[in-house]
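So that you can map any letter, position 4 of the sequence shown is -3 in our numbering, and since no number is skipped, the others follow by simple counting.
Glycine included, C-beta positions come from ideal geometry on N, C-alpha and C.
This one's a predicted model, so the numbers in the text were calculated from it and none came from an experiment.
Presented below is the structure to which this report refers.
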Amino acid sequence: MSSQQAVKQEVGVWIDHKEAFVLFNGDDKTDVQSSNDKHIRYSEHATEGASPSEDQRERRHANRLNQYYDEVIPHLKDATSILIFGPGEAKGEFKKRLELKGFANRIVGCETVDNLTANQMVAKVKTYFA
-6 MSSQQAVKQE VGVWIDHKEA FVLFNGDDKT DVQSSNDKHI RYSEHATEGA
44 SPSEDQRERR HANRLNQYYD EVIPHLKDAT SILIFGPGEA KGEFKKRLEL
94 KGFANRIVGC ETVDNLTANQ MVAKVKTYFA
């Protein structure tokens, strides 16, 4: 085996609109990193008496979600295989964001799952990449 051979980096990402867990699958353990989303909470109410249109609110929400996803993406820079899973729409939105950022060929799956404990997330990633 060549010393220059790339190390396989399998990563699972459990994500919803409020939190992301990045799980690095290793030979003996799976490391978990959490990214809390303090940054995407915002008031739906207009400031200074102005009433933003529904379109403006949706655009602002989408921009904040993209910012949130962009904060998760650097954790995946060394990933060779990425499994995305979670409840709701965030996993699909995150997958599209990853594809836009050049990670399309690294995505190996996108699955719907309920809220999981950290141990259940670890088990999911280990089982998927086994």
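Where do the N-terminal and C-terminal ends of the alpha helix (DSSP H) with residue i fall, by residue?
i           : result
residue 128 : Shown here, the chain extends from -6 to 123; a query on residue 128 therefore has no answer.
residue 3   : No alpha helix (DSSP H) holds residue 3; the beta strand (DSSP E) holding it covers 3 to 8.
residue 140 : Residue 140 lies beyond the residue range present for the chain, which begins at -6 and ends at 123; the question has no answer from this structure.
residue 58  : 47 to 65
For residue i, count neighbouring Cβ atoms within 10 angstroms of its own Cβ and tell me buried if that reaches 16, exposed if not.
i           : result
residue 51  : exposed
residue 123 : exposed
residue 97  : exposed
residue 84  : buried
residue 135 : Since the displayed the chain opens at -6 and closes at 123, residue 135 lies outside it and no answer follows.
residue 104 : exposed
residue 111 : exposed
Tell me, to the nearest whole angstrom, how far the beta carbon of residue i is from that of residue j; I am working on the premise that it is less than 8 Å.
i          : j           : result
residue 65 : residue 116 : At roughly 21 Å, the Cβ-Cβ gap does not stay under 8 Å, so residue 65 and residue 116 are not in contact.
residue 90 : residue 62  : 4 Å
residue 80 : residue 106 : 7 Å
residue 0  : residue 75  : Not quite, the Cβ-Cβ distance comes to about 15 Å (not below 8 Å), so this is no contact.
Over the uninterrupted beta strand (DSSP E) stretch that includes residue i, give me the two end residues.
i          : result
residue 13 : 12 to 18
residue 78 : 74 to 79
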